[in-house]
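First to last, the protein sequences are chains A and B.
Under this note's numbering, read the first sequence as residues 58 to 627, first letter to last.
Under this note's numbering, read the second sequence as residues 935 to 1122, first letter to last.
Glycine residues also receive a C-beta, built at the ideal position from the N, C-alpha and C atoms.
Inspection log for the structure reproduced underneath, given as structure tokens.
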Amino acid sequence: MSQYESARAEIEALCSKLVEGSVTDEERERIEQLVRSDSAAKRAYIEYLNLHAALYRYNAASIAPLCATETAPSDTRSPVLGFLSDVFQAGTNFFSRGLVVSLLLTIGLPGALFLLLILHVARQPVPSGSAMPVAKITQMHECVWGEGSAPLPIGADLFSGQQIRLSEGLVEIVFADGTNVIVQGPSTFETNTRGEGFLRVGSLVANVPKGAQGFTIRTPTATVVDLGTEFGVAVEDEKDTLEVQVFQGKVALKTGAEDADRKPSRHHLVAGRAVRIESAHRQGKMVVREVAFSADRFVRRLPAPTKPVKAAIIADFSGGEGNAEVDQFPGVAGSGWATGWSVGKAKGLKCITSIEQANPLLGSGKYLCVLFQRESGASAARKARALERRLAVTDQVDLTKPYVVSLNLRIDVLNRFAEARDRLSICSRRVSQVEYERERGVSSGWHICVAGKSDKYAKSRNWAFLQRDKKGKRFGVDSGIPAREGNTYSFRILVDPPARQWTPSIAVNGGKWTAFKAMGMRSQGTAKRNRYWPFLDIYCVMEGGNKGEDVEKIGFSVDSIRITPAGEAI
Amino acid sequence: MEVCFHFTVMVMSMHDIDRVSEFVQLQTKHQQRVFSFILTLVPHWPDAEEVLQETNMVLWKKKEQYEPGTDFVRWANQVAYFEVLKHRKRQRGHIRQFSEAFIEEVAAETLSLDGPLQAQREALAACLAKLSEKDRALIAHRYLEGATTKTVAAAVGRSIDAVYKSLQRIRSALLACIRRAVVSEEWA
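Structure representation (structure tokens):
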């Protein structure tokens, strides 16, 4: 083995440990030494990590189909194929999630065309065929989603074979080849490839830019192939009837493509012309006849908004339990929420959640009831667990500008809540267990808490505000308002990211508001530069442990969560 | 249940729409190249994903600065590089990291190798096809979300050590294969 091959073999062995997370400090140092001293080792290192990345990204799209085509017919699932199919599906979801999350955070300016909010897509059934999105929803206008079709936000990626059902309104979809399609409800439309869609029923207009010629719209009756143009297609429900109208350029029209029994025919249609294609069942062929061109037949542009839409991010749990809609628990991403709710994980700390209607908070209807409970043991080991939801930074509300967070929270139970570290907090901090250590104190902009024991800042069981002063010193402010079981507390927090301040107000049982002075942000963390704290967390920390039947519990109910731009009525 | 969404639609010129549309296409198209660049500098996959998220956000904010027709990947990777540095700063003291000099050298080399690395990624499909079914299944298992050597071992009923060695062997075989494929293509 040459010196070159030897160095490469060594770096590959080390990289294998690196990517599997089993590399030791000495081995990491050896990688550094090799990479920095040997250009071949450096290239080998880069190639190895490149392969690792490609396998992550490629796995879903390629490995399973390769196996499927080589090993057995697609209609019989061998154990291996079945496994690979599952792997493929899961991998596809994985990829979509990765891209989703990353593009989600790419969300643009308020009111901009492309708000890349895609987490929701990860929850959509992503059909096998491709892990790469083939199109994206870029605009909507007064959309009502059809039955069985989960709502998609602006910015959602669409994958091969993904179907959207629109009952009313307009959706603009931009395909990966740049083609702009406006789907008009009621319609059922599928994105097939980066240059092809299937209109099952309904109508659409496709505007195909230069370089994307050949864009194809398939229908149950015929196939319309663009030859550089703008055209409209309408498929009538439950009839083998299709209308095609060309606004600019030219299209090729092929009938019978979806049905082998029908004799195919080909036509060219130019601007200003329209045809209707109908099935003549007895003859087993399609009849194409010219009809009057009507400029009003299709919607070619999404209308400009007639009035500003009030921005608000809301969670009042009116949708009950489920993960199909935004306002459910755990819910899905959308309308300003970047994710659904999560309750994290913590060994030995159980979390019970339910949507309740009885005994509503300040008469507001359904609400979320949460109970954190230490499962066993008198151990004083500290446990933390969070109810958490991530916010989209610039979707409904621009979190980089002043905004108001308001919510109602009822204390249902605080049992064995007597230690200094026993805490119930409401904050913009992220404390999911996986990230806890890494992000400890990182994203906490505003922070309201109640502790089990008095400290130098606040009495036990009094609501307190945690903050830092301009010198970075942490301290708390006692609100003087006790947190009592059975009471409902309304919080209103004016968050001012540019000023790095937050101003809390509290009302008890729907009574008079008590306003407090402006507080400094608890910590800046990653938000220091970007000026946003994109989380809403309610978390508990338990320290004391159980004593027989006397179990550590923190229970609360929450409702009417609303995040609005500052200055708007809440 | 039907849910209604009402969204604000901003009036934009066709020129703006074309530009944004092109930007979205470029960003989508080159996600893998940017992710690959990041992973080279941040080998821990969840961290690399996080950096990719931050990078995408910065790219989107700076989209006006991108000049159509120029090298999008290079620009995106340069942005990613700074996000990697920020990520490292955040993690300092928490985990062991490569030195800054290492990161700087590897980043520069990776940027210069973008073409060959892309060719290698494109050659991967053919090389995966040459694997035995068993090896492909192992790779498929390993690269599922959240999978580790331990979970793969449990899934396939083999020891962790055996799975680890197999993965090392398969990845080396894939590397050898894609290197051969790219070389033969260059000479074809």
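Please state if the CB of Val191 (chain A) and the CB of Phe216 (chain A) are separated by a distance shorter than 9 Å. Residue 216 (chain A) sits at position 159 when you count from the first residue of the first sequence. Residue 191 (chain A) sits at position 134 when you count from the first residue of the first sequence. Cβ distance < 9 Å, so Phe216 (chain A) and Val191 (chain A) count as in contact.
Could you check whether Leu425 (chain A) and Phe548 (chain A) sit closer than 9 Å to each other, using their CB atoms as the reference points? By one-based count along the first sequence, residue 548 (chain A) stands at place 491. By one-based count along the first sequence, residue 425 (chain A) stands at place 368. No, the pair does not count as a contact, with Cβ atoms beyond the cut-off.
Should the region 954-963 of chain B be called in touch with the region 993-1006 of chain B, which here means at least 3 C-beta pairs below 8 Å? yes
C-alpha gap between Thr621 (chain A) and Val462 (chain A), whole angstroms: Here residue 621 (chain A) refers to the residue found at position 564 when the first sequence is read from its first residue. Here residue 462 (chain A) refers to the residue found at position 405 when the first sequence is read from its first residue. Distance between the alpha carbons of Thr621 (chain A) and Val462 (chain A) is about 7 Å.
In its own chain, which residues sit with a C-beta less than 8 Å from the C-beta of Ser375 (chain A), not counting the 5 before and 5 after it? Looking up residue 375 (chain A) in the first sequence gives position 318. If we look at Ser375 (chain A) and ignore the five residues flanking it on each side, its Cβ neighbours are Asp384, Gly422 and Lys423.
Between A:Arg447, A:Met578, A:Asp526 and A:Leu419, which has its C-alpha nearest Val565 (chain A)'s C-alpha? Reading the first sequence from its first residue, position 508 is the one you call residue 565 (chain A). Comparing Cα-Cα distances from Val565 (chain A) to each of A:Arg447, A:Met578, A:Asp526 and A:Leu419, the minimum goes to A:Leu419.
Just the chain B side, please: which residues come within less than 7 Å of Pro190 (chain A) by C-beta, in chain order? Within the first sequence, the letter at position 133 stands for residue 190 (chain A). Correct list: Thr962.
Can you give me the start and stop residues for the alpha helix (DSSP H) that Asn472 (chain A) sits inside? Locating residue 472 (chain A) in the first sequence gives position 415, counting from the first residue. That residue, Asn472 (chain A), is in no alpha helix (DSSP H); its beta strand (DSSP E) goes Tyr460 to Asn472.
Below 9 Å between beta carbons: does that hold for Gly289 (chain A) and Leu261 (chain A)? Walking along the first sequence from the start, residue 289 (chain A) turns up at place 232. Walking along the first sequence from the start, residue 261 (chain A) turns up at place 204. Yes, the pair counts as a contact, with Cβ atoms nearer than the cut-off.
Which residue marks the beginning of the alpha helix (DSSP H) containing Lys1084 (chain B), and which one marks its end? Locating residue 1084 (chain B) in the second sequence gives position 150, where the first residue counts as 1. It spans Thr1083 to Val1090 - the alpha helix (DSSP H) in which Lys1084 (chain B) sits, taken as one unbroken run.
Could you work out which residue in A:Arg525, A:Gly533 and A:Arg486 is closest to Ala508 (chain A) when comparing CA atoms only? Your numbering for residue 508 (chain A) matches position 451 in the first sequence. Among A:Arg525, A:Gly533 and A:Arg486, the Cα nearest to that of Ala508 (chain A) belongs to A:Gly533.
Going straight from the alpha carbon of Phe939 (chain B) to that of His109 (chain A), what length do you get? The sequence position of residue 939 (chain B) within the second sequence is 5, counting from 1. The sequence position of residue 109 (chain A) within the first sequence is 52, counting from 1. Interpretation of Phe939 (chain B) is limited by its pLDDT of 33, a score under 50 that renders its predicted location unreliable; the figure taken from the coordinates is listed afterwards. Roughly 40 Å between the two C-alpha positions.
What residues match up with Met343 (chain A) in a beta bridge as DSSP calls it? Residue numbering aside, residue 343 (chain A) sits at position 286 when the first sequence is read from its first letter. Paired residue(s): A:Ser336.
Give me, in chain order, the residues of the same chain whose beta-carbon lies closer than 8 Å to that of Thr298 (chain A); leave out the 5 immediate sequence neighbours on both sides. Stepping through the first sequence from its first residue, residue 298 (chain A) is reached at position 241. Taken in chain order, the residues that qualify are Thr278, Val292, Arg333, Ile334, Glu335 and Ser336.
Burial state of Pro554 (chain A), where buried means 16 or more other Cβ atoms lie within 10 Å: Your numbering for residue 554 (chain A) matches position 497 in the first sequence. Answer is buried; the Cβ neighbour count reaches 16.
Quick one: give me the first and last residue of the alpha helix (DSSP H) that Glu89 (chain A) is part of. On the first sequence, residue 89 (chain A) is found 32 positions in, with the first residue counted as 1. Glu89 (chain A) -> alpha helix (DSSP H) spans Asp82 to Ser94.
Just tell me which of A:Thr280, A:Lys267, A:Arg275 and A:Thr195 has its CA closest to the CA of Gln305 (chain A). Mapped onto the first sequence, residue 305 (chain A) falls at position 248. Per the Cα distances, A:Lys267.
Cα-Cα separation, Glu600 (chain A) to Ala443 (chain A): What you label residue 600 (chain A) is simply residue 543 of the first sequence in a count that begins at 1. What you label residue 443 (chain A) is simply residue 386 of the first sequence in a count that begins at 1. The alpha-carbon atoms of Glu600 (chain A) and Ala443 (chain A) are separated by roughly 15 Å.
Does Ile409 (chain A) pass the burial test, meaning 16 or more other C-beta atoms within 10 Å, or should it be called exposed? As a working mapping, residue 409 (chain A) is identified with position 352 in the first sequence. Exposed.
Shortest alpha-carbon distance to Val258 (chain A) belongs to which of A:Asn237, A:Gln270, A:Thr250 and A:Glu300? By 1-based counting over the first sequence, the position of residue 258 (chain A) is 201. The shortest Cα separation from Val258 (chain A) among A:Asn237, A:Gln270, A:Thr250 and A:Glu300 belongs to A:Glu300.
Give the straight-line distance between the Cα atoms of Val238 (chain A) and Val954 (chain B), rounded to the nearest whole angstrom. Walking along the first sequence from the start, residue 238 (chain A) turns up at place 181. Walking along the second sequence from the start, residue 954 (chain B) turns up at place 20. Answer to the nearest angstrom: the Cα atoms are 15 Å apart.
Quick one: measure Cβ to Cβ for Ala368 (chain A) and Val454 (chain A), integer angstroms, because I've assumed they're closer than 8 Å. For the purposes of this step, residue 368 (chain A) is taken as the residue at position 311 of the first sequence. For the purposes of this step, residue 454 (chain A) is taken as the residue at position 397 of the first sequence. Ala368 (chain A) to Val454 (chain A), Cβ: 5 Å. Contact.
Do Gln302 (chain A) and Ala331 (chain A) count as a contact pair if the criterion is CB distance below 9 Å? Within the first sequence, the letter at position 274 stands for residue 331 (chain A). Within the first sequence, the letter at position 245 stands for residue 302 (chain A). Yes; because the gap between Cβ atoms is below 9 Å, this pair is in contact.
Under 9 Å, Cβ to Cβ, is there at least one residue of chain B near Ile370 (chain A)? Working through the first sequence from its first residue, we reach residue 370 (chain A) at position 313. Output row for Ile370 (chain A): interface = no.
Within the same chain, show all residues whose beta-carbon is closer than 7 Å to that of Arg251 (chain A), passing over the 5 residues directly before and after it, in chain order. Translated into the one-based positions of the first sequence, residue 251 (chain A) becomes position 194. Excluding residues within five positions, the ones whose Cβ falls inside 7 Å are Val191, Phe232, Ala233 and Asp234.
Same chain only: Cβ atoms within 6 Å of Thr276 (chain A), ignoring 5 sequence neighbours per side: Working through the first sequence from its first residue, we reach residue 276 (chain A) at position 219. Contacts found: Leu256, Val292 and Leu299.
Taking 9 Å as the cut-off, decide whether the C-beta atoms of Glu542 (chain A) and Gln430 (chain A) are in contact. The sequence position of residue 542 (chain A) within the first sequence is 485, counting from 1. The sequence position of residue 430 (chain A) within the first sequence is 373, counting from 1. Taking 9 Å as the Cβ cut-off, Glu542 (chain A) and Gln430 (chain A) do not qualify as a contacting pair.
Pull the bridge partners of Glu378 (chain A) from the DSSP assignment, please. Position 321 of the first sequence holds residue 378 (chain A). Answer by DSSP bridge pairing, in chain order: A:Phe386.
Any idea which residues DSSP pairs Asn237 (chain A) with across the strands? Within the first sequence, the letter at position 180 stands for residue 237 (chain A). Beta-bridge pairing links Asn237 (chain A) to A:Val231 and A:Asn264.
How is the alpha helix (DSSP H) around Met991 (chain B) delimited, first residue to last? In the second sequence, residue 991 (chain B) corresponds to position 57, counting from 1. First-last of the alpha helix (DSSP H) with Met991 (chain B): Trp979 to Lys995.
Whether Arg619 (chain A) touches Ile412 (chain A) by CB criterion (9 Å): Numbered from 1 along the first sequence, position 562 holds the residue referred to as residue 619 (chain A). Numbered from 1 along the first sequence, position 355 holds the residue referred to as residue 412 (chain A). Contact: no.
Is there a C-beta anywhere in chain A that falls below 9 Å from the one on Val954 (chain B)? Along the second sequence, one-based indexing puts residue 954 (chain B) at 20. Judged by the 9 Å Cβ criterion, Val954 (chain B) is in contact with chain A.
Beta-carbon of Ala66 (chain A) versus every beta-carbon of chain B: anything under 9 Å? The count along the first sequence starts at 1 and reaches residue 66 (chain A) at position 9. Judged by the 9 Å Cβ criterion, Ala66 (chain A) is in contact with chain B.
Does Pro1002 (chain B) come within less than 9 Å of chain A when only Cβ atoms are used? Counted from its first residue, the second sequence places residue 1002 (chain B) at position 68. No, no contact with chain A.
Using a Cβ-Cβ cutoff of less than 8 Å, which residues in the same chain neighbour Thr989 (chain B) once the five nearest sequence positions on both sides are dropped? If you number the second sequence from 1, residue 989 (chain B) lands on position 55. Excluding sequence neighbours, Thr989 (chain B) sits near Val968, Ile972, Ala1010, Val1013, Ala1014 and Glu1017.
Since Ala101 (chain A) and Glu69 (chain A) should fall inside the 8 Å C-beta cutoff, what is the C-beta to C-beta distance between them, to a whole number of angstroms? Position 44 of the first sequence, counting from 1, holds the residue named residue 101 (chain A). Position 12 of the first sequence, counting from 1, holds the residue named residue 69 (chain A). Their Cβ separation, rounded to whole angstroms, is 6 Å, which keeps Ala101 (chain A) and Glu69 (chain A) in contact under 8 Å.
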